[in-house]
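Student: Supplied in structure tokens, the structure appears directly below.
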Amino acid sequence: MTQHARAHGRTWPRLVGLAAVGVLAFGVAGAAAVYLELQSNIGEVDLTGLVGDDSARPQVTEPPPGDARAGSPVNLLIIGSDDRSGENGTIGGAEEGMQSDTTIVAHVAADRSRVELVSIPRDLLADRPSCLMTDGSTTPAREARQFNEAFRIGWDHGHDVRSASACTWKTVESLTGVRLDGLVLVDFVGLRDMVEAIGGVPMCLATDLDDPEYTGLHVKAGPQVFDGPTAVQFARARHNIGDGSDTGRMKRQQDLMAAMVRSVLSRDVLTSPTALFQFAQAATGSLTASTGFRDLTDLTGFGLSLRGLQADRIVFASMPTVASTRQRYRVEATAEAAELWARIAADQPVGEAPAAADAPPADPAAPATPPPAVETPWTPPGGVLTSADDSSTCA
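So, in structure tokens, the structure goes:
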């Protein structure tokens, strides 16, 4: 079944950008205090020396608050971490170690006119390259391994989030051929608090959803407004829901993220200082970002470069896969997956052809960006979802 989903792909990075833009909106009097408090919220992961040569990645040259990466596409690795320590253990259940629960590649076009967010199934069979750990050791390369094993292997061998993130980073670059420029990790608490900060998320459910054993989710069909804990349960639920597949769960996560973006844009969150501060606190309080995407001054410039981005230009898609014939309960990439990643790498649009009238206003201070050589519409077999698609209204 085709899913008209173009807004989920950029959900997490879009929220980060919105929070950064909001810091400026407070005005001169409150901006300094907000900046200092929010800056201290975001943890840092330094991947220097662990993910290969950085010379091919755009270098930060323009001082903030301008867009330091103006004229270049930006690819962010978004990881929803399954961290069971502290308050996350209360939400997800106490367990040892840390795993990746959700992985998204967020592509921001060079001209900042669109964002594509592509979800990678954690049950995907992928070749895992050798990974350098923070203690100087390396993990052996392995073929046809479950994708999210990369994060766990990095954690088990390096015993820190740097090693886990770096191994996932290298696996994604090897799998997709897409150069990554930054990393953002979000945990259960971050999702819960962001939903609470915007007053809940309206959703429309086609059927009752019950997952008493694993997540405790219990919601009825029809219109609903998810609070923070329910949103986390919905995002995590897999067993006893639909066909029980990770692909089905990814689609539900995309619906949720698209609904969150609509809620932020429609509830005056960005124009109310109180609501904006609460949302910014929630968005940054449980984030960990790589060097270059942690500094809120830099994020402000990056966020401002997206101020003309329209909801229908925030596109969510899933990596095309088929059931594996080699391993039960696993999926493998298709030829369409290679086409999808090639388009991302070439800064080509995914989904419907963009309308020229929707292009954001040009920044006179930014260097001229030549248009892509070819911009023909292409949609992956699973379809796309955009933030303009309303999943909160029941037909």
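For what it's worth, the numbering used here labels the leading residue of the sequence shown as 131, then goes sequentially.
Glycine included, each C-beta is placed from N, C-alpha and C at the ideal position.
(1) Measure the alpha-carbon distance for V248 versus F364 and round it to whole angstroms.
(2) Just the C-alpha distance for T404 and D323, rounded to the nearest angstrom, thanks.
(3) Under 8 Å: do the region 331 to 349 and the region 433 to 443 share three or more Cβ pairs, one atom per stretch?
(4) Below 8 Å on the Cβ atoms is my contact criterion, and I expect A412 with G288 to pass it. Report the Cβ-Cβ distance as a whole number of Å.
(5) What does DSSP give as the partner residues of T451 in its beta bridges?
(6) For V291, which of T418, G378, L335 and P188 has the nearest alpha-carbon?
(7) Please go through the same chain and pick out, in chain order, the residues whose beta-carbon is closer than 7 Å to the beta-carbon of A453, but skip the five residues on each side of it.
(8) In this structure, does DSSP put F277 in helix, strand or coil?
(9) If you follow the alpha helix (DSSP H) that R392 is part of, which residue opens it and which one closes it?
(10) To the nearest angstrom, report how far apart W299 and R244 are at their CA atoms.
(11) Specify the secondary structure class of I371 as computed by DSSP and reduced to three states.
(12) Check whether the region 421 to 429 and the region 324 to 331 are in contact - that is, three or more C-beta pairs closer than 8 Å.
(13) Quick test of your reading: R275 and L262, contact by CB under 8 Å. State the CB separation rounded to the nearest angstrom.
(14) Let me check understanding here. Comparing Cα to Cα, which of G179, A240 and D253 lies closest to R458?
(15) Would you call G312 buried or exposed, if buried means 16 or more other Cβ atoms sit within 10 Å of its Cβ?
(16) Could you give the residue range of the beta strand (DSSP E) that holds S420?
(17) Taking all protein chains shown into account, decide if T301 is buried (16 or more other Cβ within 10 angstroms of its Cβ) or exposed.
(18) Whole-angstrom Cβ separation of T232 and Q383, contact assumed at under 8 Å?
(19) With G358 as the anchor, note down where its alpha helix (DSSP H) starts and where it stops.
(20) Between F446, S260, D428 and R456, which lies nearest to I250 when the distance is taken from Cα to Cα?
(21) Got a sec? Which residues, its chain only, sit under 8 Å from F526 by beta carbon, not counting five neighbours each side?
(22) Tell me the residue span of the alpha helix (DSSP H) that contains S304.
(23) Can you tell me whether S295 is buried or exposed? The criterion is at least 16 other CB atoms within 10 Å of its CB, across all chains shown.
(24) Going straight from the alpha carbon of L434 to that of G415, what length do you get?
(25) Determine the extent of the beta strand (DSSP E) in which D265 is found, giving its start and end residues.
(26) Go to D323, then tell me how far its beta strand (DSSP E) extends in each direction, as first and last residue.
(27) Along the chain, where does the beta strand (DSSP E) containing E246 start, and where does it finish?
(28) Check whether the Cβ atoms of V386 and A367 lie closer than 8 Å to each other.
(29) Can you tell me the Cα-Cα spacing of L145 and G481, whole angstroms?
(30) Report the option in D265, G182 and S230 whose CA atom is closest to the CA atom of P259.
(31) What is the DSSP secondary structure of Q229, reduced to helix, strand or coil?
(32) When you compare each of I172, C524, V394 and G179 to G352 by their alpha carbons, which one comes out closest?
(33) Let me know the secondary structure DSSP gives A518 once reduced to three states.
(34) Once you ignore the five residues that flank V362 on each side, which residues in its own chain have a CB closer than 7 Å to its CB?
(35) Inspect the beta-carbon positions of V77 and D357 and report whether they are closer than 8 Å.
Tutor: On the basis of the supplied data:
(1) Along the sequence shown, read from residue 1 onward, the residue named residue 248 stands at position 118. Along the sequence shown, read from residue 1 onward, the residue named residue 364 stands at position 234. Roughly 19 Å separates the two Cα atoms.
(2) Indexing the sequence shown from 1 puts residue 404 at position 274. Indexing the sequence shown from 1 puts residue 323 at position 193. Cα to Cα, T404 sits roughly 15 Å from D323.
(3) no
(4) Here residue 412 corresponds to residue number 282 of the sequence shown, with the count starting at 1. Here residue 288 corresponds to residue number 158 of the sequence shown, with the count starting at 1. In fact, because the Cβ distance is near 29 Å, the residues do not count as touching under 8 Å.
(5) Indexing the sequence shown from 1 puts residue 451 at position 321. According to DSSP, T451 bridges with A463.
(6) Counting from one through the sequence shown, the residue named residue 291 turns up at place 161. Minimum Cα distance to V291 is reached at T418.
(7) For the purposes of this step, residue 453 is taken as residue 323 along the sequence shown, with counting starting at 1. Around A453: V461.
(8) Here residue 277 is taken as the residue at index 147 of the sequence shown, counted from 1. Here F277 sits in coil by DSSP.
(9) As a position in the sequence shown, residue 392 is number 262, starting the count at 1. Element bounds for R392: D376 to S396.
(10) The count along the sequence shown starts at 1 and reaches residue 299 at position 169. The count along the sequence shown starts at 1 and reaches residue 244 at position 114. The alpha-carbon atoms of W299 and R244 are separated by roughly 23 Å.
(11) In the sequence shown, the residue the question calls residue 371 occupies position 241. Residue state, collapsed to three classes: coil.
(12) no
(13) As a working mapping, residue 275 is identified with position 145 in the sequence shown. As a working mapping, residue 262 is identified with position 132 in the sequence shown. Incorrect: roughly 18 Å between the Cβ atoms, too far for contact.
(14) In the sequence shown, the residue the question calls residue 458 occupies position 328. When only C-alpha atoms are compared, the closest one is D253.
(15) The count along the sequence shown starts at 1 and reaches residue 312 at position 182. Result: buried.
(16) The sequence position of residue 420 within the sequence shown is 290, counting from 1. L417 to S420 is the extent of the beta strand (DSSP E) around S420.
(17) One-based indexing of the sequence shown puts residue 301 at position 171. So T301 ends up on the buried side.
(18) Here the question's residue 232 lines up with position 102 in the sequence shown. Here the question's residue 383 lines up with position 253 in the sequence shown. The Cβ separation is near 6 Å, so the contact holds.
(19) Working through the sequence shown from its first residue, we reach residue 358 at position 228. Run containing G358: G358 to R366, per the alpha helix (DSSP H) assignment.
(20) Counted from its first residue, the sequence shown places residue 250 at position 120. That would be F446, whose Cα lies nearest to the Cα of I250.
(21) The displayed coordinates of the chain run from 131 to 525. Any statement about residue 526 would go beyond what the structure contains.
(22) Counted from its first residue, the sequence shown places residue 304 at position 174. From DSSP, the alpha helix (DSSP H) with S304 extends over V291 to T306.
(23) Residue numbering aside, residue 295 sits at position 165 when the sequence shown is read from its first letter. Under this definition S295 is a buried residue.
(24) As a position in the sequence shown, residue 434 is number 304, starting the count at 1. As a position in the sequence shown, residue 415 is number 285, starting the count at 1. Going from the Cα of L434 to the Cα of G415 covers about 21 Å.
(25) Along the sequence shown, read from residue 1 onward, the residue named residue 265 stands at position 135. Careful: D265 lies outside any beta strand (DSSP E) and carries neither H nor E.
(26) Locating residue 323 in the sequence shown gives position 193, counting from the first residue. First-last for D323: F318 to A327, but that is the alpha helix (DSSP H), not the beta strand (DSSP E).
(27) Within the sequence shown, numbered from 1, the residue matching residue 246 stands at position 116. Here the beta strand (DSSP E) through E246 covers V245 to I250.
(28) Counting from one through the sequence shown, the residue named residue 386 turns up at place 256. Counting from one through the sequence shown, the residue named residue 367 turns up at place 237. It should be pointed out that residue 386 corresponds to Leu in this sequence rather than to Val. Not in contact: L386 and A367 (Cβ atoms no closer than 8 Å).
(29) Here residue 145 refers to the residue found at position 15 of the sequence shown. Here residue 481 refers to the residue found at position 351 of the sequence shown. The predicted model places L145 with a pLDDT of 43, which falls under 50 and marks its position as unreliable; any figure quoted below should be read in that light. If I take the Cα positions, the gap works out to 21 Å.
(30) Mapped onto the sequence shown, residue 259 falls at position 129. Checking every option, the nearest Cα to that of P259 belongs to G182.
(31) One-based indexing of the sequence shown puts residue 229 at position 99. In the structure shown, Q229 sits in a strand (DSSP, three-state: E or B).
(32) Walking along the sequence shown from the start, residue 352 turns up at place 222. Considering only alpha carbons, the answer is C524.
(33) Here residue 518 refers to the residue found at position 388 when the sequence shown is read from its first residue. Coil, per DSSP.
(34) Here residue 362 corresponds to residue number 232 of the sequence shown, with the count starting at 1. Excluding residues within five positions, the ones whose Cβ falls inside 7 Å are I221, F318, L321 and R322.
(35) This structure cannot speak to residue 77, because the chain is shown only from 131 to 525.
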